[in-house]
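These notes concern the structure reproduced below.
Numbering (this note's numbering), first residue to last: 63 to 1116.
Okay, here's the thing in structure tokens:
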């Protein structure tokens, strides 16, 4: 046992020596390795041995394997490669099969030298080994900077790269943080990204101040120097553990430098991309948010959208600015285009752009001028990425003042060829008389074509036509009426012309190469007139028109007074050469010609109708003058009679001048003057219009009566106040029209509806005439509706003086009695038939009549009434104030309170007149009653006297004369003459009046110088017709209900 223990101990002792030896060896070896690893000499020796093989040199290398290595001025082929390299690593990680670099610094890397070094290594790399790298790599921190360099005209001023915690093994790669900044002449880029769990995340990326002009120049040079590369392979999905599966972009922003591409000035263009997820294996953008903002001098553009599973949906907002419209002189307003929105829908297979909008009052125009509304505009443009095919489809509804709801549709196709088709439909034209545009109702235009031809069909209710071109250079237009068009459907015609009809044919071969039609030929054939127009263009444009009225024309039978063969055929010709336009028309005795210069707008025109001539001369854009003189109105009427059969006209004498001045085709001043125009109404009556001077003005549809003055029937009518008459659409507006500067007329009348209202008013209107002088106020309203006229109002006579000699006034003695010389055919008046009236006439102060032997004052209270299709009625009274006087043969008769009543017929008033004559002893009263054509005259006195005594008292100043003369004799001799004279002075003019016994009265009126008709109002009334053969001989025929008589009377002096 003891021996056994000793042997074990000896073995242990021997093993102890071996272990101690081995530990010594390890310690010595470790110290040797540590010395070698930390020895700069050994490190430099190793570096020199390795670097020399690759022509790599350096200025200095220091450090050690454990603390790190630093190299300065590293070069390749003596060309700078890296200014400074610092490498710090942890060698202990090698025990874990990990290369761990704590900090890597590459300062001022030279890109050009690096590319040479890389090419050298790439060319010598013959390793085909695919063995996986057995170690993992971890770089805790790295900082790399690049020296400035130029590549493909791109000058990179600075590149800085910073990373944290890069880890790589054969199955994965991660990167906690990567920071990159690039400063070049093209842009500035800042990037912050990471790579983790197979996903690359770009947390923020900014591309600032991108110089698009520099990029454009570089691309141009690249395209010029580089041949196109044909890509023959397709991209396939790749799956590898080291290749990231997803790319995330949290925020990417890019903008460009302002740029001018004349005339476009780009101030801002920025792109924003957020919330992006891209599957790199399947090449699908699973989601993304995009926004684009552009600001230029012409417009502002906003674009926003979303991507989901490679499907992009977004909107584009376009807001044009004023310079866009002014620079290109667009005839449209800016407001309708203020906001335009378009939709974008894109996939890998196709891109679709849609537009859905509407616009109001697109064109620049005044309020009531032509304009355009787009009520609906829907457009879709589809571009197929697979076959490069473009399709566009548009539908629009357009409205204008002349047509509402115009439907327009169009389809456009483009692949290797271009084709299109569409249609335009107009239901009805508006804004003009519907009858005139009826042929164009339901207008349909359908077209189709391609790059070489177009085929168009035109159809409406009454017209049809085609527009065809086989080469888009020569176009044939053909339009004709479907059937004969009855003109009565489009205009109101007299009954005799209701059968008028016409056919229209238009042919126009157009040569688009020369930009004008070689010939346009229009023919209108009708039973009214035939029109043949030819428009030709060779070196000059020439329009020739021939209008003829055939012998069987309805016009000839309708208007026989017009001498058609003296005016037709009418030939008109217009030519345009360079800037000169010549126009002429010849219609029998009527000749027109003018020369017009398009540049200077100078016009020289003449018109001649027999002896009547008018000249037009001036510059259309400045001043035009037209002067015409009617030196003799009878001669002018004679000229008219050469082309028109005039009805027998009363004789008119005088002459007149007409001058018109037109300023800039906007304003016209018209002057019409004449010293005397004499109008002979009949063989007895003549009316003079003297000193006529009328000045009119016209501007922008408004007519102003600047002034006027004339003397009509010895009454001066004038106005120095400007009167205004304007036309607003279909309405004539008077605001106001002045008469004698005191009477104001205001109102309006619609020419289309024929409705209107006119108000005539005056606070104090003075009338100064040879028969009356008065002041009056009035307020009268006239309402017009079609052919109907209604007048209502009130006229107040403020004061006045009647100057008219009432002894000239004559009331008809009987409605059955007429004067043969004055007999005229009574014409029916449509105006009077449709006239209704309610007019009140009153006096505020009495009217004064002081003429000859009559001196009276009167008050007027009359109502003038008329219903449609009825006679005029005058109702009311004229009050003759007490105190008026009448002188007869030196005797004064004093008017008592009297009245004249109007009960309807203004020519047959009822009389209630009383006058007193006072002698020394008696008061005589004469009463006149009854109607003006058949008055009753009675005599009475206080104290009471017989009729004979009253007449004797009046005639001889004594009642004693009644004894020597019978009452009948005195009544026949004197009473009748006195009564006739009195009535004559009061306006009741009689040629025969005899007072007989009792209440017998004879009243007579001369029909001619020799014939007198007498009405006898006695016990038996009868009618006498007296004919004077000679001053001494007369015949009297008497007719009554009881007898007839014929008496021959011979008179002689005793």
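For every residue, glycine included, the Cβ atom is placed at its ideal position computed from N, Cα and C.
As the structure is a prediction and not an experimental result, all values here were calculated from the model.
Short Cβ contact (9 Å threshold) for residue 582 with residue 595: Taking 9 Å as the cut-off, the beta carbon of residue 582 is found closer than this to the beta carbon of residue 595.
C-alpha gap between residue 242 and residue 251, whole angstroms: C-alpha separation (whole angstroms): 8 Å.
Spatial distance of residue 911 from residue 805 (CA atoms): So the alpha carbons of these two residues sit roughly 25 Å apart.
Give the secondary structure of residue 469 by DSSP, where H, G and I count as helix, E and B as strand, and everything else as coil. Residue 469 falls in the strand class under three-state DSSP.
With DSSP run on the structure shown, which of helix, strand or coil describes residue 120? Note: residue 120 maps to coil in three-state DSSP.
Using a Cβ-Cβ cut-off of 9 Å, state whether residue 658 counts as contacting chain C. Included in the structure is just one protein chain, with no chain C present.
N-terminal and C-terminal residue of the alpha helix (DSSP H) that residue 617 is part of: Residue 617 -> alpha helix (DSSP H) spans 616-620.
What are the start and end residues of the alpha helix (DSSP H) that includes residue 252? Residue 252 -> not in any alpha helix (DSSP H); beta strand (DSSP E) instead, spanning 250-258.
Using the Cα positions of residue 479 and residue 530, report the straight-line distance between them to the nearest angstrom. Cα to Cα, the separation comes out at about 20 Å.
Where does residue 894 sit, in a helix, a strand or coil, going by DSSP? DSSP places residue 894 in helix when its eight states are reduced to three.
Just to confirm before moving on: does the CB-CB distance between residue 337 and residue 375 stay below 9 Å? The Cβ atoms of residue 337 and residue 375 lie no closer than 9 Å to each other.
Cα-Cα separation, residue 86 to residue 157: Residue placement at residue 86 is poorly supported in this model, since its pLDDT is 45, which falls under 50; the coordinates still yield a value, given next. Across the structure, residue 86 and residue 157 are spaced so that their CA atoms are roughly 23 Å apart.
First and last residue of the uninterrupted alpha helix (DSSP H) at residue 389: Here the alpha helix (DSSP H) through residue 389 covers 384-389.
Backbone CA spacing between residue 884 and residue 747 [nearest angstrom]: Here the model assigns residue 884 a pLDDT of 49, short of 50, so the residue's position is not dependable and the matter cannot be decided.
Residue 664 to residue 681, Cα distance in whole Å? In a straight line, the C-alpha of residue 664 is about 4 Å away from that of residue 681.
So, under 8 Å CB-CB, residue 377 and residue 403 are touching, yes? Tell me the CB distance rounded to an integer number of Å. About 6 Å separates the two Cβ atoms, so the contact holds.
Residue 718 to residue 688, Cα distance in whole Å? Near 14 Å, if we compare the C-alpha coordinates of residue 688 and residue 718.
If we count the other Cβ atoms within 10 Å of its Cβ and call it buried at 16 or more, is residue 553 buried or exposed? It counts as exposed.
Might you give, ordered along the chain, the residues of its own chain that have their beta carbon closer than 8 Å to the beta carbon of residue 409, omitting 5 neighbours on each side? Cβ within range, chain order: 372, 373 and 374.
Measure the alpha-carbon distance for residue 324 versus residue 257 and round it to whole angstroms. Looking at the two C-alpha atoms, the distance is approximately 45 Å.
Work out the CA separation of residue 358 and residue 144 for me, nearest whole Å. Each residue's alpha carbon lies about 45 Å from the other.
Using a Cβ-Cβ cutoff of less than 6 Å, which residues in the same chain neighbour residue 538 once the five nearest sequence positions on both sides are dropped? For residue 538, same chain residues with a beta-carbon under 6 Å away, outside a window of 5 residues either side, are 530 and 571 in chain order.
DSSP bridge partner residues for residue 474 (one or two, in chain order): 454 and 482.
CB-CB under 6 Å to residue 1098, same chain, minus the five flanking residues each way: which ones, in chain order? Listed in chain order, the non-local C-beta contacts of residue 1098 below 6 Å within the same chain comprise 1086, 1088 and 1109, local neighbours out to five positions each way being set aside.
How big is the Cα-Cα spacing for residue 428 and residue 535? Each residue's alpha carbon lies about 37 Å from the other.
Where residue 217 falls, given that 16 or more other Cβ within 10 Å makes a residue buried: Exposed, by the Cβ-count rule.
So for residue 197, helix, strand or coil by DSSP? In this structure, DSSP gives residue 197 a state outside helix and strand, which the three-state scheme calls coil.
With DSSP collapsed to three states, give me the class of residue 958. Residue state, collapsed to three classes: coil.
I want to know whether the stretch 731-741 touches the stretch 704-715 - three or more CB-CB distances under 8 Å. The stretch 731-741 makes contact with the stretch 704-715, as at least three CB pairs between them are under 8 Å.
With burial defined as no fewer than 16 other Cβ atoms inside 10 Å of the residue's Cβ, what is the status of residue 201: buried or exposed? It is buried - the Cβ of residue 201 has at least 16 other Cβ atoms within 10 Å.
Alpha carbons only, please: which of 837, 833, 918 and 924 is nearest the one belonging to residue 855? Checked all of 837, 833, 918 and 924; the closest Cα to residue 855 is 924.
Within its chain, find whatever has a CB closer than 7 Å to the CB of residue 327; leave out the 5 residues flanking it on each side and keep chain order. Cβ within range, chain order: 358 and 359.
Just mark residue 955 as buried or exposed, buried being the case when its beta carbon has 16 or more other beta carbons within 10 Å. Label assigned to residue 955: buried.
Of the choices 203, 439 and 434, whose alpha-carbon is the least far from that of residue 463? Distances from the CA of residue 463 to each of 203, 439 and 434 were compared; the closest alpha carbon is that of 434.
Can you find the residues in the same chain that come closer than 7 Å, C-beta to C-beta, to residue 275, ignoring five residues on each side of it along the sequence? Hits under 7 Å: 321.
Inspect the beta-carbon positions of residue 559 and residue 590 and report whether they are closer than 9 Å. Cβ distance < 9 Å, so residue 559 and residue 590 count as in contact.
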